[in-house]
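Structure record follows, encoded as C-alpha cells.
2 protein chains.
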Amino acid sequence: MSEHLTPDSIMQLGFGFWGSKTLLSAVELGLFSELATGPLDAGEVRDRLGLHPRSARDFFDALVALDMLKRDGPLYSNTPHTDLFLDRSKPSYIGGILEMANARLYHFWGSLTEGLRTGQPQNEVKTGGNFFGVLYQDPARLKQFMHAMTGISMGAAKAMAQKFPWHKYQTIVDIGCAEGGLPVQIALAQPHLSGGGFDLPSVGPFFDEYVASFGLSDRLRFSPGDFFTDPLPQADVLVMGHILHDWNLDEKRSLLSKAYKALPPGGALIVYEAIIDDERRQNAFGLLMSLNMLIELPGGFDYTGADCSSWMREVGFRETYVEHLAGPDSMVVGTK
Amino acid sequence: MSEHLTPDSIMQLGFGFWGSKTLLSAVELGLFSELATGPLDAGEVRDRLGLHPRSARDFFDALVALDMLKRDGPLYSNTPHTDLFLDRSKPSYIGGILEMANARLYHFWGSLTEGLRTGQPQNEVKTGGNFFGVLYQDPARLKQFMHAMTGISMGAAKAMAQKFPWHKYQTIVDIGCAEGGLPVQIALAQPHLSGGGFDLPSVGPFFDEYVASFGLSDRLRFSPGDFFTDPLPQADVLVMGHILHDWNLDEKRSLLSKAYKALPPGGALIVYEAIIDDERRQNAFGLLMSLNMLIELPGGFDYTGADCSSWMREVGFRETYVEHLAGPDSMVVGTK
Numbered sequence: 002m003s004e005h006l007t008p009d010s011i012m013q014l015g016f017g018f019w020g021s022k023t024l025l026s027a028v029e030l031g032l033f034s035e036l037a038t039g040p041l042d043a044g045e046v047r048d049r050l051g052l053h054p055r056s057a058r059d060f061f062d063a064l065v066a067l068d069m070l071k072r073d074g075p076l077y078s079n080t081p082h083t084d085l086f087l088d089r090s091k092p093s094y095i096g097g098i099l100e101m102a103n104a105r106l107y108h109f110w111g112s113l114t115e116g117l118r119t120g121q122p123q124n125e126v127k128t129g130g131n132f133f134g135v136l137y138q139d140p141a142r143l144k145q146f147m148h149a150m151t152g153i154s155m156g157a158a159k160a161m162a163q164k165f166p167w168h169k170y171q172t173i174v175d176i177g178c179a180e181g182g183l184p185v186q187i188a189l190a191q192p193h194l195s196g197g198g199f200d201l202p203s204v205g206p207f208f209d210e211y212v213a214s215f216g217l218s219d220r221l222r223f224s225p226g227d228f229f230t231d232p233l234p235q236a237d238v239l240v241m242g243h244i245l246h247d248w249n250l251d252e253k254r255s256l257l258s259k260a261y262k263a264l265p266p267g268g269a270l271i272v273y274e275a276i277i278d279d280e281r282r283q284n285a286f287g288l289l290m291s292l293n294m295l296i297e298l299p300g301g302f303d304y305t306g307a308d309c310s311s312w313m314r315e316v317g318f319r320e321t322y323v324e325h326l327a328g329p330d331s332m333v334v335g336t337k
Numbered sequence: 002m003s004e005h006l007t008p009d010s011i012m013q014l015g016f017g018f019w020g021s022k023t024l025l026s027a028v029e030l031g032l033f034s035e036l037a038t039g040p041l042d043a044g045e046v047r048d049r050l051g052l053h054p055r056s057a058r059d060f061f062d063a064l065v066a067l068d069m070l071k072r073d074g075p076l077y078s079n080t081p082h083t084d085l086f087l088d089r090s091k092p093s094y095i096g097g098i099l100e101m102a103n104a105r106l107y108h109f110w111g112s113l114t115e116g117l118r119t120g121q122p123q124n125e126v127k128t129g130g131n132f133f134g135v136l137y138q139d140p141a142r143l144k145q146f147m148h149a150m151t152g153i154s155m156g157a158a159k160a161m162a163q164k165f166p167w168h169k170y171q172t173i174v175d176i177g178c179a180e181g182g183l184p185v186q187i188a189l190a191q192p193h194l195s196g197g198g199f200d201l202p203s204v205g206p207f208f209d210e211y212v213a214s215f216g217l218s219d220r221l222r223f224s225p226g227d228f229f230t231d232p233l234p235q236a237d238v239l240v241m242g243h244i245l246h247d248w249n250l251d252e253k254r255s256l257l258s259k260a261y262k263a264l265p266p267g268g269a270l271i272v273y274e275a276i277i278d279d280e281r282r283q284n285a286f287g288l289l290m291s292l293n294m295l296i297e298l299p300g301g302f303d304y305t306g307a308d309c310s311s312w313m314r315e316v317g318f319r320e321t322y323v324e325h326l327a328g329p330d331s332m333v334v335g336t337k
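Chains P and W are the protein sequences, given in the same order. Note that the first sequence covers residues 2 to 337 in our numbering. Note that the second sequence covers residues 2 to 337 in our numbering.
Printed below as a string of C-alpha cells:
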C-alpha cells in the first residue's frame, strides 16, 4: 500500500501559505481593483501597483494558476468572482477580511505553536493590548475590522435572507452588527422587515454610513450598547453572528440567556457562524476558526450545532434546529 | 451571473494559511511521530506534546478535517500517508522541508509585498546574512536544510528512478546532491548504476551518513566542490534538481554549459524541479516556487520546460524533452 502513497496532499497543505499569502498581497496591493477597470498587460499592471519587474509576472501568473485572474494573450483580467468580491469600488467587496488577515492574522498565526502550548492569545495582547480595546479605540483599525466582518458574513447573510421563514416576523435586530452587513442583506431581500443593529457606540457612524449607502436608513436603525452590561433591544428575531465564538462558555450562556429574555413568545434567535459539524470531522474552516479564537481571545472557541442547541435549551428555548447557509457557515435557530 | 457567484474559493485560498500553519505546527511538535507508535486519545497526545488543554482538541480535530489524522471513537491515529511521510523515525520522512517552511519561510513570506515592490530577498539577508553563507556555516541549520531537500525531492526521485531509460547508462552523479536523497532512490531501483553526488565540502558527512543508512556506500561516493568554480565530475548522466532555479539567467546558462562539457557524447543531463507549464497557467506550485526564489535569493527564478530546453540547445545539447515526474515536478532531459 505504501508504494502507492504520494506526499502530494501533505506538500500542498504544508505549502498552502504560499498561495494564500499571494492572494493576500494581491488584495493589499489593490490588484483586483485596478483590473476592474479593464484588462491590462503585465507592464501596465506592474506600473500601477508599483511592483519591481523581477517577479511581477510570476506573481500575476501564479494568480492565474490559482484561478484568481484570467489571462488572454498578454492581457490580465479579473475572474467573475474576483471582479465581484475583490474590487474595492463595488459594494460586494469582501476583501476587508483578507486585508485584516494580511495585516494581522498571518503574522499572529506564526506563533500558533506557542498558543497551543500556553493556551494564550498571540495577537496585540502579547505587546500589552486588548483585542477589542485596541480595535475600538482606533477608527482606522475599527473600520478595517467592520469591513472584514461584512466580508466574512456576506455569503451567510445572502443565504439567511432566503432560508429563514421571515414572513412570520416583522422586526429583526442584529446583535454585534458591525457596519450592518447582515441586516442590509436581509432588508434588501425582505421588504416587509424593519429593525437594525446593536453594537458598541463607536460603531454607530460606520453602521449609519453603510446602511445609507443602500438607501435603507428608514428601515434599519442603530442601537448603541454593550451586550454584556446593557439590555438587548427587543425584536421578533435577534441574530448573533460571529459573536458567540469570541467568548468562553459562561459568557456564551449569558448572551443566549439575554437574547431569550429580550424575545417575545414565538420570537426566534438565529446564531450563525462557521458552526462545526457534530462529529467534528468535516468543517475544517470551523475548527480552524476555533484555533483563530485561541490566537485572538482569552477564552473564545467555536462549537457544534449540537453544542449550541443544548445551550439554547438550557436557557429556555423550546425548539432548535441547525441549517446550512453557505460555505462553512450554518445557523442554529432557537424559538421561544 | 453574479447572482450565482460565491466567495468560497476566495475565502478558502485567503485563509489557506490557517490549515497550512496548523500542519506545520503539528510537524514541529512531532505529533505524527508520537502517533506512529499507535493510536492515542486526546489527553495522551496533549500530554506527550506538552499542549495546553484549551485548544488541543480543536487542533487535533482540525487535522482530522484536513485529512492528516484519523479518529476512531476517542482515539487519534495517523493516516497512511502522514504515517509514512511525517514520522521522523522512518526513512521516508519528508517533514524536513516542512520544518524549514515553519522555522523560516512562513515568517519570510509575511514580507512578500515588500519583496514584490523591491525585487529584493526577504530572508536572513535582510538582517545581514547571505542565504547559502548562513546555511553552510551552521551544521544544525545545514542538516535541517539537507533533510528538507530530501523531502522535497522524494516524489520526483522515485518517479525518475522508473521513468528515465537507465539501462542505457552506467554512472550517475547528482550535482548539488545535499544528503543524497535522489541518487539513493535511483541506486535502490537500478542496481547496475553507480556514481554519487557533488556538493560543497561541508555537505560530505551528511551524504556519507545518509547513503550508509541505505547500505549504498560502495556504489555512491561524495565528490566535494563548488559548481561555479570547480569542474563537474564526469558521469554518463548528470542530474541537477532544485539547483537551476536558485540562479539568474547567466548563472543558469553557465551551469548548463558546464554540465554539457562534463558529459561524454551520448550522455544526458536531467534537470528536474517544479518546472512551470509552457503556458504558465497550470503549475501553481512552480509559479509560487519562483516567488519563493524572490524571498530567498537575489536573482533566482523558476522557468518552463520550453525555457530550459532552449537554454540547453544554446549550450550544445542536440536533443531535449520534458516529462512529468510526480506532483508539481517534471524533468527536462538533454542529450549530448
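Every residue gets a Cβ at the ideal spot worked out from N, C-alpha and C, and that includes glycine.
Interface flag, residue i vs chain W, CB-CB below 8 Å
| i | result |
| --- | --- |
| W19/P | yes |
| E320/P | no |
| S90/P | no |
| F302/P | yes |
| D330/P | no |
Under 8 Å from the C-beta of residue i: neighbouring residues of chain W
| i | result |
| --- | --- |
| T23/P | L113, L289 and L292 |
| Q283/P | A66 |
| M155/P | P8 |
Separation of residue j from residue i, as counted between CA atoms
| i | j | result |
| --- | --- | --- |
| T83/P | L117/W | 21 Å |
| R222/W | K144/W | 19 Å |
| S310/W | V333/W | 7 Å |
| P234/W | A190/W | 22 Å |
| L339/P | M313/W | Since the first residue shown for chain P is 2 and the last is 337, residue 339/P is missing from the structure and cannot be characterised. |
| I276/W | M290/P | 35 Å |
| L201/P | S195/P | 20 Å |
| G120/P | K253/P | 19 Å |
| I173/W | A179/W | 15 Å |
| S258/W | G300/W | 19 Å |
| R72/P | E324/W | 25 Å |
| F229/P | G129/P | 23 Å |
| W248/P | L298/P | 8 Å |
| F109/P | N124/W | 18 Å |
| K164/W | I271/W | 12 Å |
| G287/P | L6/W | 22 Å |
| F207/W | L70/W | 31 Å |
Proximity of residue i and residue j at Cβ, strictly below 8 Å
| i | j | result |
| --- | --- | --- |
| S214/P | P92/P | yes |
| G156/W | A327/W | yes |
| D303/P | G242/P | no |
| P225/W | A263/W | no |
| D330/P | E280/P | no |
| L30/W | L76/W | no |
| G335/P | S21/W | no |
| K169/W | Q186/W | no |
| L295/W | L14/P | no |
C-beta neighbour in chain P for residue i, strict 8 Å
| i | result |
| --- | --- |
| M2/W | At M2/W the pLDDT is 44, less than 50, meaning the model places this residue with poor confidence and gives no usable figure here. |
| F109/W | no |
| M12/W | yes |
| R49/W | no |
| I95/W | yes |
| R254/W | no |
| L117/W | yes |
| V323/W | no |
| H82/W | yes |
| G15/W | yes |
| F223/W | no |
Proximal chain P residues relative to residue i, where beta-carbon distance stays under 9 Å
| i | result |
| --- | --- |
| S311/W | Near S311/W there are no residues of chain P at all, since even the closest Cβ is about 17 Å away, more than 9 Å. |
| H246/W | The contacting residues do not exist; H246/W stays about 11 Å from chain P at best. |
Interface residues of chain P facing residue i [CB-CB closer than 8 Å]
| i | result |
| --- | --- |
| A327/W | T7 and D9 |
Cross-chain neighbours of residue i in chain W, by beta carbon under 7 Å
| i | result |
| --- | --- |
| S1/P | Within the shown structure, residues of chain P are numbered from 2 to 337, placing residue 1/P beyond reach of any answer. |
Chain-ordered neighbours of residue i on chain P, where CB pairs are closer than 7 Å
| i | result |
| --- | --- |
| F60/W | L117 and L292 |
| G242/W | Ordered by position in chain P, no residue passes the 7 Å Cβ test against G242/W, which lies about 15 Å from the chain. |
Within chain W, partners of residue i - CB distance below 9 Å
| i | result |
| --- | --- |
| P266/P | Here the premise fails: no neighbours, minimum Cβ distance about 36 Å. |
Practice problem: With a floor of 4 residues, list each alpha helix (DSSP H) that falls wholly inside the stretch 220 to 275 of chain W, ordered by position along the chain. | Solution: 250 to 263
Exercise. Write down every uninterrupted run of the alpha helix (DSSP H) in the stretch 7 to 94 of chain P whose length is 4 residues or greater and which is fully enclosed by it, in chain order.
Key: 9 to 15, 17 to 30, 32 to 36, 43 to 50, 54 to 66 and 81 to 86
Quiz item: At which residue ranges does the stretch 150 to 228 of chain W contain complete beta strand (DSSP E) runs of 3 or more residues, listed in the order of the chain?
Solution: 172 to 176, 195 to 200 and 221 to 225
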